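Accompanying notes for the structure given below.
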Amino acid sequence: MTDVAQRSPGSSGPQDPGTPGAPDPNRWRALSVCLAVGFMTLLDVSIVNVALPSMESSLGAGSSEVQWIVAGYALAFGLVLVPAGRVGDLYSRRLLFVVGLAGFALTSAAAGLVQSATALAVVRLAQGVTAGLVNPQVLALIQQLFTGAERAKAFGLFGTTIGLSTAIGPLLGGGILAVFGEAQGWRGVFLVNVPIGLVLLPLAWRWLPKQGRARTAGRLHLDVVGLLLLAAATVFAMLPFVLTTGEDDPPARWWFLAPGLALLAAFAGWERREERRGNQPVVAGELVRTGSFSVGALVGIAYFAGFTGIFLVVTLYLQTGLGLSPLQAGLVQTPFAIMSAVFAQVGGREVSRRGRPVVVVGLVVVAVGLGAADVVAAAVQGTAGAIALSACLAVAGAGSGLVISPNQTLALADVPRAVAGVAGGVLQTGQRVGSAMGVAATTAIFFSTLAAQGSSESVFGEALSDGLRVSLGLVLLALVLAVVDLRRRAGHHPARDGAPDGGAAGHRVD
Numbered sequence: 000m001t002d003v004a005q006r007s008p009g010s011s012g013p014q015d016p017g018t019p020g021a022p023d024p025n026r027w028r029a030l031s032v033c034l035a036v037g038f039m040t041l042l043d044v045s046i047v048n049v050a051l052p053s054m055e056s057s058l059g060a061g062s063s064e065v066q067w068i069v070a071g072y073a074l075a076f077g078l079v080l081v082p083a084g085r086v087g088d089l090y091s092r093r094l095l096f097v098v099g100l101a102g103f104a105l106t107s108a109a110a111g112l113v114q115s116a117t118a119l120a121v122v123r124l125a126q127g128v129t130a131g132l133v134n135p136q137v138l139a140l141i142q143q144l145f146t147g148a149e150r151a152k153a154f155g156l157f158g159t160t161i162g163l164s165t166a167i168g169p170l171l172g173g174g175i176l177a178v179f180g181e182a183q184g185w186r187g188v189f190l191v192n193v194p195i196g197l198v199l200l201p202l203a204w205r206w207l208p209k210q211g212r213a214r215t216a217g218r219l220h221l222d223v224v225g226l227l228l229l230a231a232a233t234v235f236a237m238l239p240f241v242l243t244t245g246e247d248d249p250p251a252r253w254w255f256l257a258p259g260l261a262l263l264a265a266f267a268g269w270e271r272r273e274e275r276r277g278n279q280p281v282v283a284g285e286l287v288r289t290g291s292f293s294v295g296a297l298v299g300i301a302y303f304a305g306f307t308g309i310f311l312v313v314t315l316y317l318q319t320g321l322g323l324s325p326l327q328a329g330l331v332q333t334p335f336a337i338m339s340a341v342f343a344q345v346g347g348r349e350v351s352r353r354g355r356p357v358v359v360v361g362l363v364v365v366a367v368g369l370g371a372a373d374v375v376a377a378a379v380q381g382t383a384g385a386i387a388l389s390a391c392l393a394v395a396g397a398g399s400g401l402v403i404s405p406n407q408t409l410a411l412a413d414v415p416r417a418v419a420g421v422a423g424g425v426l427q428t429g430q431r432v433g434s435a436m437g438v439a440a441t442t443a444i445f446f447s448t449l450a451a452q453g454s455s456e457s458v459f460g461e462a463l464s465d466g467l468r469v470s471l472g473l474v475l476l477a478l479v480l481a482v483v484d485l486r487r488r489a490g491h492h493p494a495r496d497g498a499p500d501g502g503a504a505g506h507r508v509d
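Start counting the sequence shown at 0; every next residue gets the next number (numbering that gives the first Met the number 0).
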């Protein structure tokens, strides 16, 4: 077993170029702003799910428009993460954070005021772009402002934020719908972001570090061609999944993957060319060759594909199949959020001592919870089924808390601060792509079962069971990747002197 060795912030050891001599006195205030904004932007991935029936009836949205309202946000979100991370690294993380936050508040206001489903889908794309500007800066700022045990704690808090934002969305959305009414209450789901964003804007400008750009030797170079190639590859790779609704989907949509793969190959070739020329590529070769980062990114893609799709099909089952109100549906899923928040703190603490085994244990627990939920969905209906499902989700939430923040901590352990933004962007792009794939796959299976067998309560249970099996399979894929990495590392020395940001292969956390 290989451990992640913990060093105190004051310990002697290799550090990046640009490591500050003393901790930023505003670092915890800055973190609070980052977490609040991260929570708000990630919440919009899940909070919309519970309001979908309200949107459908109010705007007359069809299944394709509903899918774009949900998945279009994730598509645009993923599209700009790496470019935003790179620009933040080169110029100013604080500036991109503030611009993205202001844009998110404006697009939230627009989303709450639209009069058609098509307009809402378009605004959601714009809203996803602004969220994508902000989020890579969050990870980069944590990497920049914190070291040692403080960094592990900060990532633990960020993991709590991810878990809460994803799982508590249905509860908050249900509460808003209960207050404002189901006919127009969905507008409040978006408009609630506006005052929060306005409060956070001046705090971000005041507390985030003014010199947010990492210092790099030589001239600054923004690889525009590389950014465009990666953006286009991301769009084509995600399109087949966001176009999947489960109801008479055209098979031709999968042809989008061909240009996506071609563009990805072109991007890789261009990046190698830029590196040979001595320029600064979008994704540095050393980042891709860092084992801890590559494994963390792959585990994140597989896990988010399995983890994110759960909540949409569970919400559809509870509201449409069992006839629960949005608030009741949210309450059923709340135990996942609570357990995820609690165990994210445990995971953030334990990963500094135990490393990759924490993630492996977490994935096993998630798999157990989802397996139990699969059995419950197929066998138990009505109120008893909802209660049993809630208990199963609580188990899965405990495991999720041990996966997200520890995996991010390990993935970024060897990443120099100078490329922290693009590294965070790559990780989060993988998460958004995985999320889009997971949502598309689980909802497609869910709707296909309903289309084939009808819409009785028992059939809704079977549809949920089928969707959960897709999620379980993706979580098991993440588990296999984590176990293979753990076995690969067995017997290796935990660190190598002189490695940036704390050692080799993700074994140490600086």
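Backbone N, C-alpha and C fix where the C-beta goes; we use that ideal spot for every residue, glycine too. The model shown is predicted, which means the values in this text are computed figures rather than measured ones.
> When DSSP labels each residue in this structure, what does leucine 449 get in the three-state scheme?
Replying inline: helix
> Would you report the Cα separation of methionine 436 and phenylalanine 303, rounded to the nearest angstrom?
Replying inline: 9 angstroms
>> Check for me: the alpha helix (DSSP H) holding glycine 99 runs from which residue to which?
In response: 92-112
>> Cutting at 7 angstroms between CB atoms, please list the residues of its own chain near leucine 315, excluding the five before and the five after it.
In response: Phe445
> Is there contact between the stretch 462-475 and the stretch 106-116, where contact requires at least three CB pairs shorter than 8 angstroms?
Replying inline: no
> Looking at the structure shown, is arginine 412 part of a helix, part of a strand, or coil, going by DSSP?
Replying inline: As written in the sequence, residue 412 is alanine, which differs from the arginine given in the question. Three-state DSSP puts alanine 412 in coil, outside helix and strand.
>> Suppose the cutoff is 8 angstroms on Cβ atoms and the five residues either side in sequence are ignored; what does the same chain contact list for tyrosine 72 look like?
In response: Asp43, Val44, Val47, Arg123, Leu124, Gln126, Gly127 and Ala130
> Are serine 409 and arginine 355 close, meaning C-beta to C-beta below 8 angstroms?
Replying inline: It should be noted that the sequence gives leucine, not serine, for residue 409. Closer than 8 angstroms, so yes.
> Roughly how many angstroms separate the alpha carbons of proline 415 and phenylalanine 310, rounded to a whole number?
Replying inline: 35 angstroms
>> Counting C-beta neighbours from all protein chains within 10 Å, is the total for alanine 264 16 or more, i.e. buried, or is it exposed?
In response: exposed
>> Please state whether the Cβ-Cβ distance between leucine 95 and alanine 104 is less than 8 angstroms.
In response: no
>> Short of 8 angstroms in beta carbon distance, which residues of its chain neighbour aspartate 373, apart from the five on each side in sequence? Order them along the chain.
In response: Ser464, Leu467, Arg468 and Leu471
> Quick one: what does DSSP say glycine 542 is sitting in, helix, strand or coil?
Replying inline: Summary: the structure shown does not reach residue 542, with the chain confined to residues 0 through 509, and so no result is reported for it.
> In or out: isoleucine 386 buried (at least 16 other Cβ within 10 Å) or exposed?
Replying inline: exposed
> Does DSSP put isoleucine 309 in a helix, in a strand, or in coil?
Replying inline: helix
> According to DSSP, is aspartate 484 helix, strand or coil?
Replying inline: helix
>> Is the separation between the beta-carbon of asparagine 406 and that of glycine 329 shorter than 8 angstroms?
In response: no
> Expressed to the nearest angstrom, what Euclidean distance is found between the alpha-carbon atoms of valine 341 and valine 363?
Replying inline: 17 angstroms
> Among the residues of its own chain, which have a CB less than 8 angstroms from the CB of leucine 200, if the five just before and after it don't count?
Replying inline: Val97, Leu100, Ala101 and Ala104
> By DSSP, does lysine 209 sit in helix, in strand, or in coil?
Replying inline: coil
>> Comparing C-alpha positions only, which one of Phe459, Gln427 and Pro52 sits nearest to leucine 297?
In response: Gln427
> What does a CB cutoff of less than 8 angstroms around alanine 120 pick up in its chain, not counting 5 residues either side in sequence?
Replying inline: Glu64, Trp67, Ile68 and Gly71
> How long is the line joining the alpha carbons of aspartate 413 and threonine 289, rounded to whole angstroms?
Replying inline: 7 angstroms
>> Here's a check: name, in chain order, each residue in its chain whose Cβ is nearer than 8 angstroms to the Cβ of isoleucine 337, leaving out the five neighbours to either side.
In response: Ala393 and Gly396
>> Quick check on valine 402: does DSSP put it in helix, strand or coil?
In response: coil
> Near phenylalanine 266, what residues of its chain come up, given a Cβ to Cβ distance below 7 angstroms and the 5 sequence neighbours on each side ignored?
Replying inline: Gly225, Leu228, Leu229 and Ala232
> At a Cβ threshold of 8 angstroms, is phenylalanine 76 touching chain B?
Replying inline: Absent here is chain B; the protein component of the structure consists of one chain.
>> Can you list, in chain order, the residues of its chain with a C-beta nearer than 6 angstroms to that of glycine 37? Leave out the 5 residues immediately preceding and following it.
In response: Val137 and Thr160
> Is leucine 34 closer than 8 angstroms to phenylalanine 157 when the C-beta atoms are compared?
Replying inline: yes
> Thinking C-alpha only, which one of Val188, Ala139 and Gly384 is nearest valine 49?
Replying inline: Val188
> Can you tell which of Ala29, Phe154 and Leu140 has its C-alpha closest to the C-alpha of glutamine 344?
Replying inline: Phe154
>> Taking the alpha-carbon of glutamine 183 as reference, which of Arg93, Ala261 and Ser115 has the nearest alpha-carbon?
In response: Ser115
> Would you report the Cα separation of valine 312 and leucine 449, rounded to the nearest angstrom?
Replying inline: 12 angstroms
> Which same chain residues, not among the five before or five after alanine 301, have their C-beta less than 8 angstroms away from its C-beta?
Replying inline: Gly433, Leu473, Val474, Leu476, Ala477 and Leu480
>> For proline 325 and isoleucine 195, I'd like the C-alpha separation in whole angstroms.
In response: 23 angstroms
> So, helix, strand or coil for serine 457, using DSSP?
Replying inline: helix
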